[in-house]
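Residue numbering for the sequence shown is 154 to 274, as defined by the working numbering.
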Amino acid sequence: MRLFWEQGYEKTSINDLVEYMDIHLRSLYDTFAGKDQLFQKVLKRYKKFLYGHIQFIITPTKSSKAALRSLFDFIIERNDEANNYLGCLFVNTAVELAPRSSDSNSMVKRTSTSWKSLSQN
């Protein structure tokens, strides 16, 4: 996940992935059909990770205003902690790939819809 997040989908090559994960090329292709399938798995994992964090942050709040305040505090805190904050992987993906990749575009839209429903609870 980190390599795609740091470099983006387009700039991350199969060789970069193999080297970063310290695996053989054959192992990557035995597990995933290719870079795109791996990236879709990364997006699903990131969604689960982020959704869990958001739920943890906003569930104890008493109002939508308090939920938003808690969420913004979390984002600001996270940004302050890391000098190299990379932004949101979904936003980065939407900017980089959504116009060209129907799979990525669908994932971004589904995630946006689930966040909206989470914020309405």
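We treat Cβ as the ideally placed atom computed from N, Cα and C, and that holds for glycine.
Counted within 10 angstroms of its Cβ, other Cβ atoms place residue i as buried (16 or more) or exposed
| i | result |
| --- | --- |
| residue 151 | In the structure as shown, the chain begins at 154 and stops at 274. Residue 151 is therefore absent and cannot be evaluated. |
| residue 243 | buried |
| residue 246 | buried |
| residue 157 | buried |
| residue 202 | exposed |
Collapsed DSSP secondary structure at residue i in the structure displayed
| i | result |
| --- | --- |
| residue 169 | helix |
| residue 238 | coil |
| residue 163 | coil |
| residue 259 | helix |
| residue 174 | helix |
| residue 224 | helix |
| residue 185 | coil |
| residue 250 | coil |
| residue 200 | helix |
| residue 218 | helix |
Distance between beta carbons of residue j and residue i, contact taken as under 8 angstroms
| i | j | result |
| --- | --- | --- |
| residue 181 | residue 195 | Not quite, the Cβ-Cβ distance comes to about 13 angstroms (not below 8 angstroms), so this is no contact. |
| residue 173 | residue 250 | So it is not a contact: roughly 20 angstroms between Cβ atoms. |
| residue 210 | residue 221 | No, residue 210 and residue 221 are not in contact; Cβ-Cβ is about 10 angstroms, not under 8 angstroms. |
| residue 199 | residue 154 | 6 angstroms |
>> Quick test of the definition: if touching needs 3 or more C-beta pairs under 8 angstroms, does the segment 156-170 touch the segment 181-197?
In response: Judged by Cβ distances under 8 angstroms, the segment 156-170 makes contact with the segment 181-197, as three or more pairs qualify.
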